[in-house]
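With numbering that gives the first Met the number 0 applied, the sequence shown covers 0 to 128.
No residue lacks a Cβ here, since even glycine has one placed at the ideal position from N, Cα and C.
Working notes for the structure below.
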Amino acid sequence: MTDAPTTGVPADLPVEAMLQSAFDAFTDPVFIKDHTHRWIACNSAFASMLGCTPAALIGRSDPDFFDAELVAGYWQADDELFASGQPQSSEELVQHSDGSYHVSWTRKFPIRGQNGETVALLAIITDIT
């Protein structure tokens with residue numbers, strides 16, 4: 000009988016805390032969204048862009064922060080990714096919590112479930128204003 004391999008991760012460090020720490024290492028805003036367009040994870044840079052904390056964003060969606068015209072464009076791109084399962088990159092207008100608009104290069108990637116279906120999307124936003 001052999002011992003189970005060790006990961007080197009302290010047993011008292013929850014996976015969620017480890018992933019949040021990894022997300023927060025990115026200086027660009029990063030988020031994960033589900034099929035209903037709700038954020039299920041994000042980093043501090045994304046939350047700061049919207050004027051809140053990562054925990055305050057979980058379960059919320061674009062209409063809580065952006066005008067309807069922006070939301071329609073964001074959701075169309077999201078829906079295309081969910082339908083195609085293909086990564087995307089595009090220039091987008093992004094509204095910040097102070098009301099200012101920034102031009103951003105947004106890259107979106109599918110997150111796949113066990114059967115290969117797209118279950119969520121990961122986005123990375125780079126301000127190119």
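{"Asked": "For Ala-122: DSSP bridge partner residues", "Found": "Phe-30 and Lys-107"}
{"Asked": "Residue from Gly-72, Arg-59 and Ser-99 with nearest C-alpha to Lys-32", "Found": "Arg-59"}
{"Asked": "Distance between Glu-91 and Val-102 (C-alpha atoms, nearest Å)", "Found": "6 angstroms"}
{"Asked": "Exposed unless 16 or more other CB atoms sit within 10 angstroms - verdict on Tyr-73", "Found": "buried"}
{"Asked": "Per DSSP, the bridge partner or partners of Trp-38", "Found": "Lys-32"}
{"Asked": "Where the alpha helix (DSSP H) through Glu-15 begins and ends", "Found": "14 to 23"}
{"Asked": "Cβ-Cβ separation, Gln-19 to Pro-53 (assumed contact under 8 angstroms), whole Å", "Found": "7 angstroms"}
{"Asked": "8 angstroms CB neighbourhood of Ala-55 in its chain, flanking five on each side removed", "Found": "Ala-46"}
{"Asked": "Per-residue DSSP class, three states only, for Gln-113", "Found": "coil"}
{"Asked": "Burial state of Pro-28 (16 or more Cβ within 10 Å)", "Found": "buried"}
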